[in-house]
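Reviewing the structure listed below.
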Amino acid sequence: MIIGVPKEIKSCENRVSLIPSSVKTLIENDNTVYVEKGAGLKIGFTDEMYEQSGAKILETAADVYAKSEIIVKVKELQKDEFALLKNGQTVLSYAHLAIEPQLLDVLLKKKVTTIDYETIQMPDGRLPMLMPVSEIAGRVSIQIGARLLENTYGGVGKLLGGVPGVYPSEVLIIGAGVVGIHAAKVALGMGAIVTMLDVSPEKLSEAAKLFQGRVNTAMSNKYNVEKFTKTADLVIGAVLIVGTKAPHIITEDMVKNMRKGSVIIDVSIDQGGIVETIEEPTSFENPTFEKHGVIHCAIPNIPSCVARTATISFNNYVLPYLLRLSTKGFIAAVKSMPELYKGVSTFQGKLTDPVIAKSVGYPYSELSMLIGF
Numbered sequence: 000m001i002i003g004v005p006k007e008i009k010s011c012e013n014r015v016s017l018i019p020s021s022v023k024t025l026i027e028n029d030n031t032v033y034v035e036k037g038a039g040l041k042i043g044f045t046d047e048m049y050e051q052s053g054a055k056i057l058e059t060a061a062d063v064y065a066k067s068e069i070i071v072k073v074k075e076l077q078k079d080e081f082a083l084l085k086n087g088q089t090v091l092s093y094a095h096l097a098i099e100p101q102l103l104d105v106l107l108k109k110k111v112t113t114i115d116y117e118t119i120q121m122p123d124g125r126l127p128m129l130m131p132v133s134e135i136a137g138r139v140s141i142q143i144g145a146r147l148l149e150n151t152y153g154g155v156g157k158l159l160g161g162v163p164g165v166y167p168s169e170v171l172i173i174g175a176g177v178v179g180i181h182a183a184k185v186a187l188g189m190g191a192i193v194t195m196l197d198v199s200p201e202k203l204s205e206a207a208k209l210f211q212g213r214v215n216t217a218m219s220n221k222y223n224v225e226k227f228t229k230t231a232d233l234v235i236g237a238v239l240i241v242g243t244k245a246p247h248i249i250t251e252d253m254v255k256n257m258r259k260g261s262v263i264i265d266v267s268i269d270q271g272g273i274v275e276t277i278e279e280p281t282s283f284e285n286p287t288f289e290k291h292g293v294i295h296c297a298i299p300n301i302p303s304c305v306a307r308t309a310t311i312s313f314n315n316y317v318l319p320y321l322l323r324l325s326t327k328g329f330i331a332a333v334k335s336m337p338e339l340y341k342g343v344s345t346f347q348g349k350l351t352d353p354v355i356a357k358s359v360g361y362p363y364s365e366l367s368m369l370i371g372f
């Protein structure tokens, strides 16, 4: 199979989809890999390293798209890449199709088959391809939040963990999934007082057990969100509903009642965000804005600031799927791996994810009927 690795072009995106060791493994399994020139330079993977692994370096993204059957990306396709897609091509990425209708239209029109990492789901409900990004996003969100609380960045001037004789900062984490758990780990490690909210009593029980009672837990409902945001110094939005937009959980009125100089970091912005006062994502170039005296941060690609760690972790998860796709072929691969089957969002011009179809109001086609499964 011919696999293409274009350079990531989303704003401030430093990751690359495949590292040289992954390329070598794919080539050892009788695949051809094309890598765009300079794709890995930002994190220390040179063109020479890719060539030594057996890849062929191409000058432009257009060349990579033109020569490849499968395009492997990290982030969703950007508008400049739409025209590069070939009819019938296969693309792997964090596609965020529920909030990217223009991209969805292009994929359907060009009959592109899309495997969306975020909807690859194990039979027990686990989302393996979200692990490498969620773990990092959760951890880094606390690091960013700790800095934003400093006076230098417009915050109230509080040290997250306090010092002897000074009460620590209060951190509210909405969502007790992977992002929330890893945010709590770092916040506790820095000495903060941590409260976690979730709609699932089971997840809250797991969090309480994991942290041996060191986190406060409560059900996520309007009353509790309003109550705990009033006293929080740092709020982390860590809500995920697979394949659809995140609901607005923190209203503008709640933000108005928060402490001046407090901070909200909405990690859920990839799915539209949970904060009513955040209308657009921010970026590493312009990471924050202030509204009602509260600092807002909504960077959609947080793991990109530790891009080498994030890329290597991502490869640990994505390589087995690529090997199955490239050695068995698409249809045999998705038939043999239930989680990969769940990750197919579009197939040859049809929308095959029922959750996304409902979210965007498009017709849904059952993948099993299309592939004879």
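Taking numbering that gives the first Met the number 0, the leading residue of the sequence shown gets 0, the next gets one more, and so forth.
We put the beta carbon where it would ideally sit given N, CA and C, even for glycine.
None of the values given here were measured: they were computed from a predicted structure.
Here S16 is actually not in contact with V32; their C-beta atoms are around 11 Å apart, not less than 8 Å. Here D197 carries a strand assignment [DSSP, helix/strand/coil].
Taken through DSSP and simplified to helix, strand or coil, S344 comes out as strand. Counting C-beta pairs closer than 8 Å gives fewer than three between the region 46 to 57 and the region 77 to 87, which falls short of the contact rule.
Per the C-alpha coordinates, the member of Y316, N315, A332, V317 positioned closest to R323 is A332. The three-state reading of DSSP puts F329 in helix, counting H, G and I together.
DSSP places N223 inside the alpha helix (DSSP H), whose first and last residues are 221 to 230.
For N300, the secondary structure class from DSSP, reduced to helix, strand or coil, is coil. In the structure shown, L148 adopts coil according to DSSP, grouped into three states. In this structure, L83 sits near A61, with a CB-CB distance shorter than 7 Å.
The secondary-structure analysis by DSSP pairs S92 across a beta bridge with D115. With respect to S325, M0 sits close: the two C-beta atoms are nearer than 7 Å. Annotation: G179 is outside any beta strand (DSSP E); the continuous alpha helix (DSSP H) that includes it extends over 177 to 188. By the Cβ criterion, the region 195 to 209 is not in contact with the region 144 to 159, since fewer than three pairs of Cβ atoms, one from each stretch, lie closer than 8 Å.
In this structure, V73 places its C-beta atom within 7 Å of the C-beta atom of E7. Nearest C-alpha to R213 among G348, V354, A309, V193: V193. Assignment of V238 by DSSP, reduced to helix, strand and coil, places it in the coil class. For L107, the uninterrupted alpha helix (DSSP H) run begins and ends at 100 to 108, by DSSP. Using a Cβ-Cβ distance cut-off of 8 Å, the region 345 to 357 and the region 103 to 116 are in contact, since at least three pairs of beta carbons, one from each stretch, lie closer than that value. Inclusion of I268 and G144 in the CB contact set at 7 Å is not warranted, their separation being larger than that value. Taking C-beta atoms as the reference points, V274 and I249 count as a pair closer than 7 Å. Of N86, I301, K36, the smallest CA-CA separation from K108 is found for N86. When only Cα atoms are considered, T228 and H291 end up about 14 Å apart. Its Cα nearest to that of L196, the residue V178 stands out among M189, A297, V178. Secondary structure at F288: strand, using DSSP grouped into helix, strand and coil. Short of 8 Å from the beta carbon of I26, and not among the five residues preceding or following it, lie these beta carbons of its own chain, in chain order: V32, S52, G53, A54. In the three-state reduction of the DSSP assignment, L159 falls in the coil class, being assigned neither a helical nor a strand state.
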